[in-house]
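In the numbering used here, the protein residues as written are 8 to 322. Idealized CB from N, CA, C, for every residue including glycine. Structure record follows, encoded as structure tokens.
Take a look at the structure:
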């Protein structure tokens, strides 16, 4: 299998390249803007290093790999593979350059901490990949488990079902929804995913084409949350990256309500209702405020033991 994969990857290396030069905004922070596109530590579908992002994409036009790199005051986008044209056309959105921050500076002044963070991270932009299922796969795996568990399963699934991506960097394409939908539950168990999350993933894979047709984050949220096993937290995690939705709040998160309550009101613990109340003055950019608190390292005091790291593959 390894030999076949290497041969397939080498067969992609000679595909045509398409390039485009982009002009980022003043003080643009490249790494901080695109880091959310990758699973921490190691992502089989992408890599961020030495001022470059390489991202494998299963585009409507075919497989593609996007390279984004800073050169002087510009951002150079290069696409590889049959889907190079598609990924180059979206390169500015993937880099976060379509993110509309107009009006946020005025909103941020409604709280001194938010105003300070907005100034510190003024160059960070929210990416918009235009693709729902790859981020939905990751979000479903992140439900009710630690990030370590979820990301370990994500890597295993990508390696198990992914295909070699075009271009000079050995990445794999995100799993094809059809390939995911065709797998039985038991095939995911050794990959660290129990039946509940697997069933949600299989249901999402079966309707992936309809999800990719959504025109905006509101429509995508409605369609996703209509599926059993997908709630507002999962949908918000997806639309913030797929559509660059700055108002998407991850209601139901284990940490964010406490972080918001502590940072904005000095309260060590908060509920979803209290979080939304405190974020209301920033409506339109509520998700952006949550991101700023995370980038600023703000967190509520911790009480009690941490959630244990498990492996469903051993159950």
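Measuring only the C-alpha atoms, how far is residue 14 from residue 147?
Only weak support is given to the placement of residue 14: the predicted model assigns it a pLDDT of 36, under 50, and the value that follows is read from those uncertain coordinates. Residue 14 and residue 147: Cα-Cα distance of roughly 32 Å.
Measure the C-alpha to C-alpha separation of residue 129 and residue 206 and round it to an integer number of angstroms.
40 Å
When the distance is taken between beta carbons, is residue 218 closer than 9 Å to residue 163?
Contact flag unset, no.
Cβ pair count under 8 Å reaching 3, the region 91-109 against the region 121-141:
In this structure the region 91-109 lies against the region 121-141, because at least three pairs of beta carbons, one per stretch, are closer than 8 Å.
Quick check on the DSSP output: what are the complete alpha helix (DSSP H) runs of length 4 or more inside the region 162-223, in order along the chain?
184-188, 202-213, 215-219
Which stretch, first to last residue, makes up the beta strand (DSSP E) that contains residue 243?
Taken as a continuous stretch (DSSP letters only), residue 243 belongs to no beta strand (DSSP E), being part of the alpha helix (DSSP H) at 239-249.
Could you check where the alpha helix (DSSP H) with residue 102 kicks off and where it finishes?
Taken as a continuous stretch (DSSP letters only), residue 102 belongs to no alpha helix (DSSP H), as it is neither H nor E.
Do you know whose CA, among 34, 154, 109, 67, lies nearest residue 91's CA?
Across the set 34, 154, 109, 67, the C-alpha of 67 shows the shortest separation from the C-alpha of residue 91.
Assuming contact is defined by CB atoms lying nearer than 9 Å, are residue 215 and residue 249 in contact in what I supplied?
no
Return the first residue and the last residue of the alpha helix (DSSP H) that residue 88 is part of.
No alpha helix (DSSP H) holds residue 88; DSSP gives it neither H nor E.
Rounded to whole angstroms, what is the Cα-Cα separation between residue 65 and residue 186?
13 Å
Rounding to the nearest angstrom, what Cα-Cα distance links residue 200 and residue 173 in this structure?
29 Å
Thinking just about the alpha-carbon of each residue, which of 94, 150, 117 is nearest to the one in residue 236?
150
Between residue 123 and residue 289, which are expected to be in contact by the criterion C-beta below 8 Å, what is the C-beta distance as a whole number of angstroms?
Between residue 289 and residue 123 the Cβ distance is about 14 Å, and since that is not below 8 Å, they are no contact.
By DSSP, does residue 33 sit in helix, in strand, or in coil?
coil
Length of the line joining the Cα atoms of residue 255 and residue 240:
9 Å
Let's see if you can read the secondary structure: which residues bound the alpha helix (DSSP H) around residue 264?
263-272
Under 9 Å between C-beta atoms of residue 77 and residue 37
At a Cβ-Cβ threshold of 9 Å, residue 77 and residue 37 count as neighbours.
Beta carbon of residue 178 nearer than 9 Å to that of residue 51
Residue 51 sits close to residue 178, with the two beta carbons spaced by under 9 Å.
Could you tell me the distance, in whole angstroms, from the CA atom of residue 81 to the CA atom of residue 204?
42 Å
CB-CB under 6 Å to residue 106, same chain, minus the five flanking residues each way: which ones, in chain order?
If you ignore the 5 residues before and after residue 106, its C-beta comes within less than 6 Å of the C-beta of 132, 133, 251, all in its own chain and listed in chain order.
Which one of 182, 73, 56, 57 has the shortest CA to CA distance from residue 63?
73
If you count every other CB in all the chains shown that lies within 10 Å of the CB of residue 298, and 16 or more means buried, which is it?
If you draw a 10 Å sphere on the C-beta of residue 298, you find 16 or more other C-beta atoms in it, and that means buried.
Close beta carbons around residue 28, own chain, < 7 Å, minus the five adjacent residues each side
81, 83
In three-state terms, what does DSSP make of residue 149?
coil
Quick check on residue 93: buried or exposed, where buried means 16 or more other Cβ atoms within 10 Å of its Cβ?
It counts as buried.
Can you tell me whether residue 47 is buried or exposed? The criterion is at least 16 other CB atoms within 10 Å of its CB, across all chains shown.
exposed
If you reduce the DSSP assignment to three classes, tell me which class residue 113 lands in.
helix
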